[in-house]
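Asker: Take the position in the sequence shown, starting the count at 1, then add 154; the result is the number in our numbering.
Heads up, the beta-carbon is just placed ideally off N, CA and C, and yes, glycines get one too.
Let me give you the structure first, and then I'll get to my questions.
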Amino acid sequence: YRILSTTLDCGCTPDSLFMRRSVVRLDEEQNAEEEKQTIDDEHWAYDIPQLKAKESKFQCEASYLPFEDLVFGRMSYKGFNKEIEKMMKEKNTEQSLAEADRREKEMAVSDDEMAERFTSLVGTVGKKFAKKRKKAEKEKVTETPQDTIDTVQTDAPSKKKKSKKKKKEFMKPNEDE
Numbered sequence: 155y156r157i158l159s160t161t162l163d164c165g166c167t168p169d170s171l172f173m174r175r176s177v178v179r180l181d182e183e184q185n186a187e188e189e190k191q192t193i194d195d196e197h198w199a200y201d202i203p204q205l206k207a208k209e210s211k212f213q214c215e216a217s218y219l220p221f222e223d224l225v226f227g228r229m230s231y232k233g234f235n236k237e238i239e240k241m242m243k244e245k246n247t248e249q250s251l252a253e254a255d256r257r258e259k260e261m262a263v264s265d266d267e268m269a270e271r272f273t274s275l276v277g278t279v280g281k282k283f284a285k286k287r288k289k290a291e292k293e294k295v296t297e298t299p300q301d302t303i304d305t306v307q308t309d310a311p312s313k314k315k316k317s318k319k320k321k322k323e324f325m326k327p328n329e330d331e
């Protein structure tokens with residue numbers, strides 16, 4: 155926009171009063187546009203992080219075959235169209251392999267999951283035995299030698315009593331009644 159030459163076609167110099175006004179006006183407009191652009195760039199930027207694109211809950215397909223679990227669309231039998239039969243065979247093997255992989259993944263337990271289960275199992279069993287050990291230790295601490303002798307003597311006759319009890323047997327009904 156600036157006029158760089160010292161003389162113009164009309165013979166006027168840029169220092170002329172009317173030329174200075176237009177040069178000043180053009181400079182002011184250009185400066186105003188630059189300031190406006192810098193203000194827009196600086197002040198109107200968001201400081202929030204970029205939002206991730208949401209995953210769609212819907213699945214779009216060109217054909218309804220995958221949704222209905224239908225077989226390959228084009229059919230050919232008994233060698234009528236060998237190219238189609240070849241494509242059918244490839245597609246069917248791909249589907250069967252994919253289905254087998256899906257079933258295997260469904261039933262298999264990953265290494266991480268197995269490790270997690272094992273650690274929780276070890277912790278649970280460890281707690282169980284720790285409780286029993288603590289109880290046994292407390293009993294040993296509270297018992298005195300005389301108490302142990304008394305308990306041994308009282309336990310011995312009770313075992314004999316249990317063995318002396320008569321087992322109940324089947325009773326035959328009276329024939330008189």
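Which residues in the same chain as ASN246 place their Cβ atom closer than 6 Å to its Cβ, once the five residues preceding and following it in sequence are excluded?
Answerer: None.
Asker: Reducing DSSP to helix, strand and coil, say where PHE324 ends up.
Answerer: Looking at PHE324 - three-state DSSP - the assignment turns out to be coil, as it is neither helix nor strand.
Asker: Using C-beta distances below 6 Å, list every residue in its chain close to MET325, excluding the 5 sequence neighbours before and after it, in chain order.
Answerer: No residues qualify anywhere along the chain.
Asker: Work out the CA separation of GLU267 and PHE283 for me, nearest whole Å.
Answerer: PHE283 and GLU267: Cα-Cα distance of roughly 25 Å.
Asker: Does the Cβ-Cβ distance between GLU239 and SER230 come in under 8 Å?
Answerer: The answer is yes: Cβ separation under 8 Å.
Asker: Report all residues from its chain with a CB closer than 8 Å to the CB of ASP330; omit the five preceding and five following residues, and keep chain order.
Answerer: Excluding sequence neighbours, ASP330 sits near nothing in its chain.
Asker: Would you give the residue range spanned by the alpha helix (DSSP H) that ALA262 belongs to?
Answerer: That residue, ALA262, is in no alpha helix (DSSP H); it is neither H nor E in DSSP.
Asker: Taking the alpha-carbon positions, what's the ASP309 to LYS292 distance?
Answerer: Here the model assigns ASP309 a pLDDT of 48, short of 50, so the residue's position is not dependable and the matter cannot be decided.
Asker: Exposed or buried, what is LYS321 when buried is set at 16 or more other beta-carbons lying within 10 Å of its beta-carbon?
Answerer: When all chains shown are included, LYS321 counts as exposed.
Asker: Enumerate, from N- to C-terminal direction, the unbroken alpha helix (DSSP H) stretches of 4 or more residues contained entirely within the region 208-237.
Answerer: As far as the region 208-237 is concerned, its whole alpha helix (DSSP H) runs of at least 4 residues are 219-222.
Asker: DSSP on GLU182, reduced to helix/strand/coil?
Answerer: It is helical.
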